[in-house]
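Visitor: Sharing a structure below in structure tokens format, with a few things to ask.
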Amino acid sequence: MKKNIFLITAVLALGLNLPLIRVLSISNRKNFSERIYSRSGAENGFVISYTHSVNKGRVHDFYLPASDGGLELFMTEFVSYGAGIPEPYETCGAEFHCTDKGYIISGLNRRLPELVMAVGVVAEHSVSFGKDAMEGMTFNKQNEFFLKDFFKPQTSLVVEFKRVSILSCLITKKLEDKNE
1 MKKNIFLITA VLALGLNLPL IRVLSISNRK NFSERIYSRS GAENGFVISY THSVNKGRVH
61 DFYLPASDGG LELFMTEFVS YGAGIPEPYE TCGAEFHCTD KGYIISGLNR RLPELVMAVG
121 VVAEHSVSFG KDAMEGMTFN KQNEFFLKDF FKPQTSLVVE FKRVSILSCL ITKKLEDKNE
């Protein structure tokens with residue numbers, strides 16, 4: 001009987017600690033215990049938005065999971081050009097589009113193992129995800145979460161797709177699609 005209880009406990013402990021769940025992870029770069037997860041972000045991609053420091057317009061960078069496990073910046077949407085906004089000619093295959101909301105550069109296909117960024121003091125960095133955030137190739141504010149609500153301004157963050165255990169998923173703060 002004791003062997004069975006031990007075996008069941010061992011199997012349960014192992015199962016809870018195996019990295020089975022794919023999530024979008026946003027972690028404090030200096031203190032990885034400060035983190036948030038989103039399963040929806042890992043499935044459908046996510047958008048990082050911020051207020052541009054020069055032109056003060058809102059920028060939306062669209063990311064998808066890359067086949068190698070990293071991130072792929074595939075599109076950016078912005079109001080007007082400023083420092084750091086990519087030019088379409090910088091990336092082979094990128095396309096420039098004018099819309100009634102501003103400009104879109106699609107086809108960027110920039111691969112990153114992870115995104116390292118800092119929570120801005122005035123940039124109002126946010127993350128949004130879920131089908132609504134990515135639908136129609138345009139930004140949707142419905143599932144927008146401001147990073148300053150989870151991390152102190154100027155905190156260095158690592159944004160990445162990763163596999164985590166069920167236990168880690170249960171004890172870590174999660175962001176989820178408000179429509180689910």
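The opening position of the sequence shown corresponds to residue 1 in my numbering, with each subsequent residue numbered one higher. Glycine included, each C-beta is placed from N, C-alpha and C at the ideal position.
(1) Suppose you measure from the CA of histidine 146 to the CA of tyrosine 50; what does that come to, to the nearest Å?
(2) Do you know offhand how far alanine 94's Cα is from valine 23's?
(3) Does the Cβ of glycine 41 have 16 or more other Cβ atoms within 10 Å, making it buried, or fewer, making it exposed?
(4) Contact defined as beta carbons within less than 8 Å: I believe leucine 108 pairs with threonine 76. What is the distance between those atoms, to the nearest angstrom?
(5) What separation, rounded to the nearest whole angstrom, lies between the Cα atoms of aspartate 61 and glycine 45?
(6) List the whole-angstrom C-beta distance separating threonine 155 from alanine 118, where the pair is believed to meet the contact cut-off of C-beta under 8 Å.
(7) For isoleucine 166, tell me which candidate among Thr91, Thr99, Ile21 and Thr9 has the shortest Cα-Cα distance.
(8) Which of the three DSSP states is assigned to asparagine 109 in this structure?
Guide: Considering the structure as presented:
(1) Looking up residue 146 in the sequence shown gives position 146. Looking up residue 50 in the sequence shown gives position 50. In the sequence as presented, histidine is not what sits at residue 146; that position holds phenylalanine. Counting only the Cα atoms, tyrosine 50 lies some 10 Å from phenylalanine 146.
(2) Taking the first residue of the sequence shown as position 1, residue 94 is located at position 94. Taking the first residue of the sequence shown as position 1, residue 23 is located at position 23. Cα to Cα, alanine 94 sits roughly 28 Å from valine 23.
(3) Working through the sequence shown from its first residue, we reach residue 41 at position 41. With 16 or more other Cβ atoms within 10 Å, it is buried.
(4) Position 108 of the sequence shown, counted from the first residue, corresponds to residue 108. Position 76 of the sequence shown, counted from the first residue, corresponds to residue 76. Indeed they touch by this definition, with Cβ atoms about 7 Å apart.
(5) Reading the sequence shown from its first residue, position 61 is the one you call residue 61. Reading the sequence shown from its first residue, position 45 is the one you call residue 45. Answer to the nearest angstrom: the Cα atoms are 11 Å apart.
(6) As a working mapping, residue 155 is identified with position 155 in the sequence shown. As a working mapping, residue 118 is identified with position 118 in the sequence shown. The Cβ separation is near 7 Å, so the contact holds.
(7) Locating residue 166 in the sequence shown gives position 166, where the first residue counts as 1. For isoleucine 166, the nearest C-alpha among the options comes from Ile21.
(8) Taking the sequence shown and counting its residues from 1, the one referred to as residue 109 is at position 109. Shown here, asparagine 109 sits in a strand according to DSSP, grouped into three states.
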